[in-house]
Amino acid sequence: MIQNVLGSSEGIALYGIASVCLFFFVFGSALLWSLLLKSSFLKSMESLPLSDGEIGNSEEGEARHE
Amino acid sequence: MKIDTFSYDNKVVRAFAIATVIWGIVGMLAGLLAAVELFFPGANLNLQYITFGRLRPLHTNAVIFAFVGNGMFMGIYYSLQRLCKARIFNDTLSWINFWGWQAIIVSAAITLPLGLTTSKEYAELEWPIDIAITIVWVAFAINVFGTIFKRREKHLYVAIWFYISTVITVAILHIVNSLEMPAGPFKSYPIYAGVQDALVQWWYGHNAVAFFLTTPFLGLMYYFLPKAANRPVFSYRLSIIHFWALIFIYIWAGPHHLLYTALPDWAQSLGMVFSVMLVAPSWGGMLNGLLTLRGVWDKVRQDPMLKFMVVALTAYGMATLEGPMLSIKSVNSLSHYTDWTIAHVHTGALGWNGFIIFSMLYYLFPRLYRTELYSLKLANWHFWLGLMGIMFYVVPMYWSGITQGLMWKQFTPEGFLQYPNFLETVLQLIPMHRLRAVGGSLYIVGVLIGAYNLYRTARQGNFEPETQAQAPAREEVVVVGEKGHRWLESKAGLLSVLAAVAVLIGGLVEIIPMFVIKNNVPTISSVKPYTPLEVLGRDIYIREGCVGCHSQMIRPFRSETERYGEYSKAGEFVYDHPFLWGSKRTGPDLHRIGRKYPDAWHYNHMDDPRSTSPGSIMPRYPWLLTQKLDTSSLPARLRVLRKLGVPYPDGYESLALGDLRKQSTNIVTNLKIGMVKAEPDREIIALIAYLQRLGTDIKSGKPQADADPIPANTTALNR
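Heads up: the sequence lines are chains L and V, in that order.
Note that the working numbering has the first sequence beginning at 171, numbered continuously upward.
Note that the working numbering has the second sequence beginning at 511, numbered continuously upward.
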């Protein structure tokens, strides 16, 4: 019933197509963006959590946790 | 270069950590009791407060919002400060967040056993608590954004994006799904009805899984895993793609909870396609985590923190492969309403959320208390018991789910249902339910050992309330001339807006057409509003949590129409505030139960289900036979329902009580024929009235010309 109603109402077919197009746009942009990033920047980002500024604890991570 | 010296707040992190452990044990014990009730129905000791129907939402809420919620706050409050190189924005807000959240949990633990529930899954809490959740969440949001804006780090690490998307999306989901109109201090009706309510609910329900149980923990994984392994994440590029693809796709997938229901077919297909696509970003994230450990797998042997993390990621990978698979319509036709779903969610809950939280706890306790972990051996015991527990839980549930799904669909060569009695399929599953309880017990024993180990760790160390830190001052890290994603990452506000847009698009595309159709669905003219007695009966049905075990949605399969009757139509639910389609059939579907049995059958069945259905695992409801029906709130309830669009005539409130009495007297007369003597003013009378009404509107009278004779998807009828 509702399927029929929606099938005949305007613009419904567009939703599916627009959704997939939109996804590829978002996915493509993210991909492009990430590929354009310089490796020096990536390196600095990757190491960001490893240095948390704690005093006397800069090399932490290895020693204390079991 | 100017260097700032400042401190990180550990006190609120510790508070959330302790709450996580305590609520974890409470929530899991509630789950265990619920599991036991499914093979030993007397386990509630005939107490109405802990019947399965009321216990189940208590268990799910305790585990999701109390255990996992506190674990999430714990991890975010710890990692956000360190990733921003700044103390948390405001300590008072931290404590409002902490105590407010605990107060919400306690109020849930009180109201749910009392039967005060909206019945919408994972959104059961009534309107005053909904408002409290909003306030506490705003406090949390201000703290998160405040910390981000005063950070001493130029760029936002990927973990923080996940936190931002969590804060924004949970707020949107909670508000939209909780739009309800109060009809008393702890009673409300949602503004949506039927199909719309179902769609909004599962848009919420699915994305509560996405943005409460998944995105914050992916963020936490991106922080704690590199810290524990002491090496950077495998690929930062992959994490960017992971983030944007995941948050964009997740929001579209909600309708996979409503496959083959009365939801429009296009919405089902859209949900299915996006659910299948979801496997890509999910596995991208999992692989990014696991590959971070390349070269340091030897550490996994020694470090319990990493052991838990690796199993968590593996469980995440399994659950996110299984989820898309279950979203394929043909697979879903077998799995839906069965224990398969229960197995799936527990792979996620016990494996992913549970293990990643224990991983963080084992990481944090020695650090917060400046000591070593009390016992490596006990941690290993916890790990193996937990892992065994998961196995003993999920494997029997898969077995049980597939068995029951197949039994429901089995026909004899003559074309009759092989197992026409639903109970037969239930009894087949009892051994599996017993094994599940064994699995749950193993898991809980593991958690208790873990709790003891953490307690002893705390005892032997000295708590450090503040950790001193140093970093270049904020002025030193002002962004100039950045481009592209680097620039975006440095703009927290813009990043938040884009994340919000990404998650909103999917929701809008699915929900807007639902509101458009409101005006052009051909209503089924024979579908009428519930009578006053039925309204109260329906509210008792909601109070007792019947929807936890009984669906009201017959799918258009021959195996279902043979068993239950005519499949359910969207137009039949236009006055259902809230919808009660359910998502699990521990008992049979009830949509066409009306007039199937005499009134006296229902009376006896509610008193003792085993008197009418030997071997049934349904609990007894003797209190319904003795408790007086509260009619004082009836006018308020009818008034609110009218405001929401149910066509009760103006001023009907004054006549309602008379109509209610008339209908009660009729039922009492019917009961007398069935040799049952009952008072007309008891709750059972209202419940019988409601049950006898269910699905009968389109049975009565002549077939309606506009009553949807054939569904668009006729192939489904041959299933």
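All residues carry an ideal CB built from backbone N, CA and C; glycine is no exception.
The model shown is predicted, which means the values in this text are computed figures rather than measured ones.
Among the options, which residue has its Cα nearest to the Cα of residue i?
i: V/T724; options: V/F672, V/S698, V/I685; result: V/F672
i: V/F932; options: V/W637, V/T913, V/I1034, V/T1141; result: V/T913
i: V/S837; options: V/V810, V/M787, V/T857; result: V/M787
i: V/Y1074; options: V/I682, V/L1204, V/V1057, V/N842; result: V/L1204
i: V/A777; options: V/P765, V/S1061, V/Y770; result: V/P765
i: V/S785; options: V/N520, V/N1180, V/G1016; result: V/G1016
i: V/F753; options: L/C191, L/S204, L/P219; result: L/S204
i: V/E631; options: V/F818, V/I574, V/I670, V/L927; result: V/I574
i: V/H1101; options: V/I759, V/Q1062, V/H1087; result: V/Q1062
i: V/G715; options: V/E634, V/V546, V/D775, V/V1156; result: V/E634
i: V/L773; options: V/T802, V/W713, V/T824, V/F721; result: V/W713
i: V/I615; options: V/I1183, V/V536, V/F973; result: V/V536
i: V/A739; options: V/V820, V/L878, V/R1171, V/N687; result: V/V820
i: V/V668; options: V/W647, V/Q812, V/L1005, V/Q1202; result: V/L1005
Strictly under 8 Å for the Cβ-Cβ distance: is residue i near chain V by that measure?
i: L/F194; result: no
i: L/S210; result: no
i: L/G186; result: yes
i: L/G198; result: no
What is the DSSP secondary structure of residue i, reduced to helix, strand or coil?
i: V/G1092; result: coil
i: V/P692; result: strand
i: V/L888; result: helix
i: V/Q612; result: helix
i: V/Q978; result: strand
i: V/L555; result: coil
i: V/S1078; result: coil
i: V/R1102; result: coil
i: V/P906; result: helix
i: L/L201; result: helix
i: V/Y632; result: coil
i: L/E224; result: strand
i: V/D519; result: strand
i: V/D514; result: strand
i: V/R880; result: coil
For residue i, count neighbouring Cβ atoms within 10 angstroms of its own Cβ and tell me buried if that reaches 16, exposed if not.
i: V/W894; result: exposed
i: V/K1209; result: exposed
i: V/Y559; result: exposed
i: V/T1175; result: exposed
i: V/D601; result: exposed
i: V/G1092; result: buried
i: V/P695; result: exposed
i: V/F921; result: exposed
i: V/V1011; result: exposed
i: V/C1056; result: buried
i: V/S1164; result: exposed
i: V/G880; result: Note on residue identity: the sequence assigns Arg, not Gly, to residue 880 of chain V. With fewer than 16 Cβ atoms within 10 Å of its Cβ, V/R880 is classed as exposed.
i: L/F195; result: exposed
i: V/R1269; result: In the structure as shown, chain V begins at 511 and stops at 1229. Residue 1269 of chain V is therefore absent and cannot be evaluated.
For residue i, which residues of its own chain have a beta-carbon under 7 Å away from its beta-carbon, when the five flanking residues on both sides are left out?
i: V/K1138; result: D1191, R1192
i: V/Q612; result: A529
i: L/I225; result: none
i: V/Y929; result: M917, Q920, T935
Just checking: is the beta-carbon of residue i within a distance shorter than 8 Å of some beta-carbon in chain L?
i: V/A1226; result: Unreliable positioning characterises V/A1226 in this predicted model, as indicated by a pLDDT of 36, which lies under 50. A coordinate reading is not provided.
i: V/N740; result: yes
i: V/T848; result: no
i: V/V1019; result: yes
i: V/G973; result: Gly is not the amino acid found at residue 973 of chain V; the sequence shown has Phe there. Chain L, which has no Cβ nearer than 8 Å to the Cβ of V/F973, makes this no.
i: V/F758; result: yes
i: V/K737; result: yes
i: V/H665; result: yes
i: V/W754; result: yes
i: V/T977; result: yes
i: V/V743; result: yes
i: V/W1091; result: no
i: V/A1012; result: yes
i: V/V523; result: no
i: V/W909; result: no
i: V/K595; result: yes
Spatial neighbours of residue i within its chain, please: CB distance less than 6 Å, with the 5 preceding and 5 following residues excluded, ordered by chain position.
i: V/G1047; result: A1196, L1197, A1199, Y1200
i: V/N571; result: A618
Among the residues of its own chain, which have a CB less than 8 Å from the CB of residue i, if the five just before and after it don't count?
i: V/R1147; result: A693, G694, K697, Y699, V1045, L1046, D1049
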